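Step one of this worksheet: look at the structure below.
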Amino acid sequence: MTVSIASLPPQIQQRYNAKLLSTPEHNLIHQLFATPVELPDNNGFIDRQSRYDRLDLFEVPLDDAQNNPPPQSLNRVDVDCRVRVYATYIVLTRQVTITNEDPVLNSAAARLGQSLRETQDALQRDNLESSASVINSVGGVNGDIPTEMSISDVDDVFTILQNNSAEYITNIVEADLKFGTSPIGDAYGCMLTTRMIPVLYNMTGFVKKFQYPNISQTLSTEIGGANNIRFFVSEQGSVSPNASMLGNDIANCFVAAKESYKVVWQAGGKARFIYLPPGYNNDPCMLRHTAGCSFYQGQCITNDLWIQNLRSTGI
Amino acid sequence: MLPYSFIGKWDYTNPATPVAVDIPMTDKPDWVFVKNLTDWGDTTAVTSVESEWFSSMAQGSFIAMDQAMTTNALSSNVGTSGGFTFIDQTNPPTYARVAVTGVNGTTGVVLTGTTTGLAIGDWVRLINIVGAQELSGPILYQITAISAGVSFTLGYFATAAGAGFSVVNGTTGFYQKVYPGFMYPSKQYVIGITQATQAKVYFARKHDFTPGELVDFQIPVPYGMTQLNNLTGSPPYPQNGFGNKPGAPRVLSVINSATESSIVIDYDTTGFTAFAQPLSAAFSSGHSPATCFPAGSGVVPFNGSATIPQSPPGTNLVDSFDNRAQYVMNLGINVVGPAEAHMVVMAFKADFNNAITNA
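The listed protein sequences derive, respectively, from chains A and B.
Using the numbering used here, you'd call the opening residue of the first sequence number 22 and step up by one each time.
Using the numbering used here, you'd call the opening residue of the second sequence number 227 and step up by one each time.
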């Protein structure tokens, strides 16, 4: 047989490179500002936290008769959060694991871990999308309702949170003597989809992260800030398809203050990887491995005044 | 080869006028069948006395056996719509938008030439309703009646309109079938709020608030009644008006009937600005929707009373923030069975269906 490139057997033509290619992983942003709470084991599955409301001011002085003033009533608000269990797994035949050059089980573990973390993040996203109050962007010019986000909308939501006595997430990024930089005020955190990047970059007053005077205390998911809000983006940010007045997609941009929402984990139910070798699960001939993961999680809004869904089109 | 695993068995009996049925499941099925136990084996002519669906089949399709009169012989049948539709509520299907030729702002009747795929209880969004843009956008409406190929009715909206919150008629636009979120409790878009010592709040679809729960509001200026805004942590009378207690209102009672979705709250709105839907042009110029959203758990009212709390206080656990997502198999009108028939559903999944594909 004539030996040429065309007649080489496939095994000779091909080399398997053991260095795996990267798997796309989503930015995990929706738990960034959540208050973590641990639910001890053997204490039920609903975590209740309470808040006592402010008392009224008492600026009227007592009269000369020194009569007791009218009493005030103390008001308490309870917020309940139910923890649920989540789990998934994959099945690999022993034939796969003993014939593959590639350590398939290792990859399975990595992908399960990624899936677990992205699920935790998506649960919080869905919670915020479902329960947070809504403000439409109206300062844009695209003629839809909501419009694309503008700096006036950023200031509106900032004002609402300030009116509601919401506390900042981050402190000021002070100005510095560096060309092309701009300071960022004390800020709330905004979690939004990466599809909003063009809208943000076109927004007057938006400061890109690389224009911060100091980036030592930023995350890779942060994209920039505008006045008193800093923006964190994710590929799995919340989008409501066709939900605008004109039927365009809406980006749900969650603007959070400190202690506005929380995540609850069960003490004995934290993220877990579970490997079962062949022989389990009705497998008498030891033909199948399983690799699984599970976690217990609850998520809820703890103060409805301190988180707002600033909705925007233009994505 | 591993066998199918049994997911579950469900029974239901159809009403006089059968409607689509949702079967909640704990897993994603690969094989579902529904059988008519009432007519099985008798001499009644029945369409789809037994229907099946496999995961390799298209959404909404079915295969079935029809029973002939007198001979009780079976014949095969197949269909592409009105059959089995599997819905993962965390990742629901997306439906195309359909043209609308009119929306009655009082009766809630939406005129459209296409009602295919719609069923009573479905949720729809209205898009770009010319003349009544305040109906367009994020609000999800629930369908309460359908006239095939002619119109469908948004009965919850119509009930609010009957209480004085109607809007002007819309002309053209689109509707789109959608599925709402699954996280509990969810915010609701407000259609109307009465001026009463115990205000009643109307919604456009069934809500999931419960008696005792605290709720809060965000009412933009064009809707009036801005006095209800952001009451969590609000001071007591007189700052909040009319002797109202401090903090967010408590839900006293709820209605989720066939045509009304509403809550009654322990908040006096008699002297507040009247709630009104903004005009189309005003809404189009840029406003947010009016929303009602969860604000905390409260004391459960005494049984039978809308105002007296339980003593000792009852704890409302059903209003906990929760993930209520499910897998649902929707049995369409072509497989749900005939009137008043007792139907049984069974579902199975293939155990070994999720190995990696190229190893």
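No residue lacks a Cβ here, since even glycine has one placed at the ideal position from N, Cα and C.
Owing to the predicted nature of the structure, the values given are computational and were not obtained by experimental measurement.
Whole angstroms is fine: what's the gap from residue i's alpha carbon to residue j's?
i	j	result
I166/A	P448/B	15 Å
E169/A	E256/A	19 Å
D248/B	Q320/A	27 Å
Y238/B	I313/B	19 Å
N240/B	W266/B	15 Å
A325/B	P31/A	56 Å
S392/B	R105/A	41 Å
V260/B	G245/A	55 Å
T338/B	I559/B	20 Å
N549/B	S301/B	43 Å
F316/A	I481/B	36 Å
N248/A	A86/A	53 Å
P472/B	S506/B	35 Å
Q402/B	G363/B	10 Å
D434/B	S546/B	11 Å
P437/B	V526/B	6 Å
T370/B	N556/B	17 Å
M307/A	I322/A	47 Å
P57/A	D68/A	12 Å
N148/A	M409/B	6 Å
Q424/B	A565/B	42 Å
L478/B	V490/B	5 Å
Considering only the beta carbon of each residue, do residue i and residue j sit closer than 8 Å?
i	j	result
Y367/B	W349/B	yes
T215/A	V260/A	no
N330/A	S154/A	yes
I236/A	K229/A	no
I250/A	V220/A	no
E139/A	H47/A	yes
Y209/A	Y222/A	no
D494/B	G459/B	no
A430/B	N395/B	no
V275/B	D292/B	yes
G335/A	N64/A	no
Examine chain A for any beta-carbon lying closer than 8 Å to the beta-carbon of residue i, and answer yes or no.
i	result
P319/B	no
M227/B	Any reading at M227/B needs caution, since the residue's pLDDT is 46, under 50, leaving its predicted position unreliable; the model's value is listed next. Chain A, which has no Cβ nearer than 8 Å to the Cβ of M227/B, makes this no.
T452/B	no
F519/B	yes
D348/B	no
F509/B	yes
S392/B	no
P475/B	no
D548/B	yes
G522/B	yes
L505/B	no
F574/B	no
Just checking my contact of residue i with residue j at CB under 8 Å: how many whole Å lie between their CB atoms?
i	j	result
L133/A	L113/A	In fact, because the Cβ distance is near 12 Å, the residues do not count as touching under 8 Å.
T385/B	Y415/B	Not really, about 15 Å apart at Cβ, beyond 8 Å.
T485/B	Y382/B	7 Å
A290/B	S277/B	4 Å
A108/A	V284/A	With a Cβ gap of about 18 Å, A108/A and V284/A do not count as contacting.
N474/B	A521/B	For the record, residue 474/B in the displayed sequence is Ala; it is not Asn. Correct: roughly 4 Å between the Cβ atoms.
G289/A	D62/A	4 Å
T333/B	F378/B	Going by Cβ atoms, the distance from T333/B to F378/B rounds to 12 Å, so no, they are not a contact pair.
Does the CB of residue i have a neighbour CB from chain B at under 8 Å?
i	result
T168/A	yes
E139/A	no
G258/A	no
I193/A	no
N148/A	yes
A264/A	yes
D270/A	no
V155/A	yes
I336/A	no
Q404/A	Residue 404/A lies beyond the residue range present for chain A, which begins at 22 and ends at 336; the question has no answer from this structure.
Q34/A	no
How far does the alpha helix (DSSP H) with residue i in it extend, from its first residue to its last?
i	result
P475/B	Neither: P475/B is in no alpha helix (DSSP H) and is coded neither H nor E.
T118/A	115-120
F509/B	506-510
What residue does the beta strand (DSSP E) around residue i start on, and which one ends it?
i	result
P57/A	56-60
V250/B	Residue 250/B is actually Pro in this sequence, not Val. From DSSP, the beta strand (DSSP E) with P250/B extends over 247-251.
A609/B	The structure shown does not extend to residue 609/B, since chain B is modelled only from 227 through 585, so no value can be given for it.
A130/A	Note, A130/A: premise wrong, no beta strand (DSSP E); alpha helix (DSSP H) at 125-152.
L182/A	Taken as a continuous stretch (DSSP letters only), L182/A belongs to no beta strand (DSSP E), being part of the alpha helix (DSSP H) at 172-184.
T458/B	That residue, T458/B, is in no beta strand (DSSP E); it is neither H nor E in DSSP.
I'd like to know whether the C-beta of residue i is nearer than 8 Å to at least one C-beta of chain C.
i	result
L478/B	Note that chain C does not occur in the displayed structure, where the protein chains are A and B.
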